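*Asks:* Sequential numbering from 1195 applies to the sequence shown in the numbering used here. If you scroll down you'll find the structure; I have some questions about it.
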Amino acid sequence: MKFFVDTADTAEIAELAATGLLDGVTTNPSLIHKSGRDFLEVVKEICGIVDGPVSAEVVALDHETMMKEAEILRKIADNVTIKVPLTIDGLKTCKALSGEGTMVNVTLCFSANQALLAAKAGASFISPFVGRHDDVGLDGMQLIADIRLIYDNYAFDTEILVASVRHPIHVLESARIGADVMTAPPAVIKALFNHPLTDKGIQGFMADWAKTGQKIG
Ligand code: E4P
């Protein structure tokens, strides 16, 4: 499963990229607002840090203006992925852009039928929002399982990008189901490294090693 980070904070992106475990980045208008930075400038900087897909979202609601915005965004770098909302105009834009060889991430997906439409529109990625699904009392991970089944039934190439990930269990379940990608905030990705028994084990080994009085090299 590929790991994307869901942030527009370039310092956090650089820190995670240095682990060699980061496969891409997702941003959205709220994350750009949080960064307090110029949208085009921050996308350009992220594309310089990460080689993998970097999602940049259009903000228009009509197809024509979405295409104009996508034209500006995709010129930033080859790894820019155009993010469009799951609406009729969004999917028209997805179909047009994917036909031109541009990667498209269809966002704000909340049903398996929506995911089916996105795949038929040639999306590179579908982003079902599991956390927001859970927030309203629905089962976010069941949505991922349903999309996996449907995409496998028809051998769609669209990658399932689990979004709105809130905690490590979402990551674990995504991997169990066979999602292609998950995108999570930096704090959730960092939490994956931690286990109290790892910390305890290191402390014990360090204490015993100190008693040997030895050094390596
Ligand atoms: C994904 O591309 C979205 O930017 C993101 O995962 C939304 O997460 P949230 O529901 O925590 O805002």
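Here a beta-carbon is modelled for each residue, glycine too, at the ideal position from N, C-alpha and C. The model shown is predicted, which means the values in this text are computed figures rather than measured ones.
(1) So, under 8 Å CB-CB, residue 1276 and residue 1298 are touching, yes? Tell me the CB distance rounded to an integer number of Å.
(2) Can you check whether the CB of residue 1273 is closer than 8 Å to the CB of residue 1253?
(3) Identify, in the order they occur along the chain, each residue of the same chain with its Cβ nearer than 6 Å to the Cβ of residue 1372, setting aside the five sequence neighbours on each side.
(4) What are the residues that DSSP puts in a beta bridge with residue 1303?
(5) Could you tell me if residue 1355 is buried or exposed, where buried requires 16 or more neighbouring beta carbons within 10 angstroms of its beta carbon?
(6) Quick one: Cα of residue 1204 to Cα of residue 1227, how far?
(7) At the 8 Å Cβ level, is residue 1230 part of the contact set with chain C, yes or no?
(8) Using 8 Å for Cβ pairs, my map puts residue 1200 next to residue 1377. What's the rounded Cβ distance?
(9) If you measure from each residue's Cβ to the nearest non-hydrogen atom of the ligand E4P, which ones come out under 6 Å, in chain order?
(10) Of the residues 1330, 1284, 1283, 1237, which one's Cα is nearest the Cα of residue 1218?
(11) According to DSSP, which residues form a beta bridge with residue 1251?
(12) Just to confirm, does residue 1339 get its C-beta within under 7 Å of one of the non-hydrogen atoms of the ligand FMN?
(13) Mapping DSSP to helix, strand and coil, what is residue 1296?
(14) Helix, strand or coil for residue 1373 per DSSP?
(15) Decide if the segment 1346 to 1353 is in contact with the segment 1391 to 1407; the criterion is three or more beta carbon pairs, one per stretch, under 8 Å apart.
(16) I'd like to know whether the C-beta atoms of residue 1337 and residue 1317 end up nearer to each other than 8 Å.
(17) By Cβ distance, which residues of its chain are closer than 6 Å to residue 1312, with the 5 residues on each side in sequence left out?
(18) Going by beta carbon distance, what residues of the same chain come within less than 7 Å of residue 1367, once the five residues before and after it are set aside?
(19) Is residue 1354 helix, strand or coil when you go by DSSP?
(20) Considering only DSSP beta bridges, list what residue 1198 is partnered with.
*Replies:* Working from what's here:
(1) Your pair residue 1276 and residue 1298 checks out as a contact, with CB atoms roughly 5 Å apart and the cut at 8 Å.
(2) Not closer than 8 Å, so no.
(3) 1342, listed in sequence order.
(4) Residue pairing from DSSP places residue 1303 in a beta bridge opposite 1322.
(5) Buried: at least 16 other Cβ atoms inside 10 Å.
(6) Approximately 14 Å between the Cα atoms of the pair.
(7) You won't find chain C in this structure, because it holds only one protein chain.
(8) Between residue 1200 and residue 1377 the beta-carbon gap is near 4 Å, inside 8 Å, which marks them as a contact.
(9) Checking every Cβ against the heavy atoms of the ligand E4P under 6 Å gives 1200, 1220, 1222, 1301, 1321, 1323, 1325, 1326, 1357, 1358, 1377.
(10) Of the candidates 1330, 1284, 1283, 1237, the one whose C-alpha sits nearest the C-alpha of residue 1218 is 1237.
(11) Beta-bridge pairing links residue 1251 to 1277.
(12) Questions concerning the ligand FMN fall outside what the structure shown contains, since the ligands it does hold are the ligand E4P.
(13) Residue 1296 falls in the coil class under three-state DSSP.
(14) DSSP, reduced to helix, strand and coil, places residue 1373 outside both helices and strands of the structure shown, so it counts as coil.
(15) With a cut-off of 8 Å, the segment 1391 to 1407 and the segment 1346 to 1353 do not count as touching, because too few Cβ pairs lie within range.
(16) With respect to the 8 Å criterion, residue 1337 and residue 1317 are not classified as neighbours on the basis of their beta carbons.
(17) Closer than 6 Å at Cβ, skipping near neighbours: 1300, 1320.
(18) Sequence-distant Cβ neighbours of residue 1367 in its own chain, meaning closer than 7 Å and more than five residues away, are 1335.
(19) Looking at residue 1354 - three-state DSSP - the assignment turns out to be strand.
(20) DSSP lists 1218, 1377 as partners of residue 1198.
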